[in-house]
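Under numbering that gives the first Met the number 0, the first residue of the sequence shown is numbered 0, with each subsequent residue one higher. For each residue, glycine too, the CB sits at the ideal point set by N, CA and C. Note that the structure is a prediction, hence the values are computed from the model and not measured.
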Amino acid sequence: MDEMDIEVDELDNKVDESNNEVEKSNNEGDEMDASSEASDITTIKVHFLGEWHDIVIDWNDDREYKQDQIFAQLEEMTGILSAFITFMGLYEMRPVNPRRRNGIKLFYIHNNDFHYVGVGSCPPNLIKEDVIDSCIEDGERFYLSYNLYFERFILRNAAISFMLVPEILVVEGRCNMHLCQTTHTEPFFNRVKDIILSEPLNDEMLERFEALGDPEGRFHSWYIAVKYIYQEYNILQFFEVACSNKLSPHNNEVFDDSDENIIEALEALDVN
């Protein structure tokens, strides 16, 4: 083998070594990209009606409002269309704030379909930096709590909001301020769905509520009248659940046409 052949072989070896380095670098880059992509996926476990479900948040999702992913998954989990889900709440558990009740701050994310203006603890968009670590961590476990109410301004229908309650705040089998076990049963929740989806019922209630007028300056009498309307349809117990932990002892009271408080409230609102 002459010197020319030796030089060519040496050059080929150097090229091979260079190619190997490039391939190694590319593999490392792919691993880093995969790791980066994985870090932009947050999966949490959510307990609802006796079963655990995954909720996955892809922070690289191209939707403008990241919370749309969660509302879509809540729809699939609960069977309630996201159009009737007005907002969801998170607990800011970390760090503990001694100035707040139980050291916990509540953080609300609105369903953007309703075009609410985000203020204070109600931002218009779910942003990773706002909730990761402080409100949710990958793999964290939650219970799904909810509240039924009549949204008379935009939806003009019965609506529902959800709270993701950290498992650490739930006492299994007992009601507390974070989760009502009475509502955490399939028969109860099915009735809630029926109320939300019943067009005739919602149309009638809307008409009744509009007849009450604006509650400003007379909220107490207005509120009593609203509860009276719920009771007439035998659904008060779903809007204001009476359980061992509810603060108000009046949630399970029965209103009667002859009750002086009812008469006074209806007269004040000019409603018969």
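Can you name, in chain order, every residue of its own chain whose Cβ lies under 8 Å from the Cβ of residue i, other than the five neighbours on each side?
| i | result |
| --- | --- |
| phenylalanine 164 | Here residue 164 is valine; the residue named in the question, phenylalanine, does not match the sequence. Cβ neighbours of valine 164 beyond the five flanking positions: Tyr90, Phe141, Tyr142, Leu143, Ser144, His177 and Leu178. |
| glutamate 74 | Leu80, Ser81 and Ile84 |
| threonine 42 | Asp53, Ile54, Val55, Ile56, Asp137 and Gly138 |
| serine 24 | Residue placement at serine 24 is poorly supported in this model, since its pLDDT is 49, which falls under 50; the coordinates still yield a value, given next. The answer is none, since no qualifying residue turns up. |
| phenylalanine 208 | Phe149, Arg151, Val225 and Ile228 |
| glycine 78 | Lys192 |
| arginine 62 | Gln68 |
On the premise that residue j lies in contact with residue i, defined as a C-beta separation below 8 Å, what is that separation, rounded to the nearest angstrom?
| i | j | result |
| --- | --- | --- |
| methionine 87 | isoleucine 69 | 7 Å |
| alanine 157 | leucine 147 | 6 Å |
| aspartate 67 | asparagine 111 | 7 Å |
| glutamate 198 | leucine 48 | At roughly 25 Å, the Cβ-Cβ gap does not stay under 8 Å, so glutamate 198 and leucine 48 are not in contact. |
Output the boundary residues of the beta strand (DSSP E) element that contains residue i.
| i | result |
| --- | --- |
| isoleucine 164 | First, the residue type needs correcting, since residue 164 is valine and not isoleucine in the sequence shown. Unbroken beta strand (DSSP E) run through valine 164: 156–165. |
| isoleucine 54 | 50–57 |
| leucine 146 | The sequence shown places asparagine at residue 146, rather than the leucine named in the question. That run of the beta strand (DSSP E) goes 140–150. |
| lysine 65 | No beta strand (DSSP E) holds lysine 65; DSSP gives it neither H nor E. |
| valine 191 | No beta strand (DSSP E) contains valine 191, which is instead part of the alpha helix (DSSP H) from 185–196. |
| histidine 46 | 40–47 |
| histidine 177 | Premise fails: histidine 177 is in no beta strand (DSSP E) and is neither H nor E. |
| isoleucine 108 | 104–109 |
Please go through the same chain and pick out, in chain order, the residues whose beta-carbon is closer than 6 Å to the beta-carbon of residue i, but skip the five residues on each side of it.
| i | result |
| --- | --- |
| isoleucine 40 | Asp57 |
| glutamate 128 | none |
| isoleucine 195 | Phe83 and Ala157 |
| phenylalanine 162 | It is worth fixing the name first, because residue 162 is methionine in this sequence and not phenylalanine. Excluding positions up to five away in sequence, the list reads Gly88 and Ser144. |
| serine 133 | Glu91 and Arg93 |
| serine 160 | Thr85, Phe86 and Asn146 |
| arginine 155 | Leu205 |
Take the Cβ of residue i as the centre, count every other Cβ of all protein chains shown within 10 Å, and call the residue buried at 16 or more, exposed below.
| i | result |
| --- | --- |
| phenylalanine 38 | Sequence check: residue 38 is serine here, not phenylalanine. Classification for serine 38: exposed. |
| phenylalanine 218 | exposed |
| tyrosine 227 | buried |
| valine 130 | buried |
| asparagine 233 | exposed |
| serine 17 | With a pLDDT of 48 at serine 17, under the threshold of 50, the modelled position of that residue is not reliable, and the figure given next carries that caveat. Exposed is the call here. |
| valine 170 | exposed |
If I follow the unbroken alpha helix (DSSP H) through residue i, where does it start and stop?
| i | result |
| --- | --- |
| threonine 85 | Per DSSP, threonine 85 belongs to no alpha helix (DSSP H); it is in the beta strand (DSSP E), 84–91. |
| serine 220 | 218–231 |
| valine 240 | Counting along the chain, valine 240 falls outside any alpha helix (DSSP H), and DSSP gives it neither H nor E. |
| leucine 80 | No alpha helix (DSSP H) holds leucine 80; DSSP gives it neither H nor E. |
| valine 130 | 127–130 |
Between which residues of its own chain and residue i is the CB-CB distance below 7 Å, once the five residues before and five after are set aside?
| i | result |
| --- | --- |
| lysine 65 | Ile56, Trp58, Asn124 and Leu125 |
| histidine 52 | Val45 and Met76 |
| glycine 172 | Gln180 |
| glutamine 72 | Ile54 |
| glutamate 166 | Arg140, Phe141 and Tyr142 |
8 Å is my cut-off, CB to CB: does residue i come that close to chain C?
| i | result |
| --- | --- |
| methionine 176 | Reference to chain C is not applicable here, since this structure consists of a single protein chain. |
Contact the stretch 178–198 vs the stretch 233–242: 3+ CB pairs below 8 Å: Yes: at least three Cβ pairs fall under 8 Å.
Any chance the stretch 198–211 sits against the stretch 151–169, with 3 or more Cβ pairs inside 8 Å? Between the stretch 198–211 and the stretch 151–169, the count of C-beta pairs closer than 8 Å reaches three or more; the two stretches touch.
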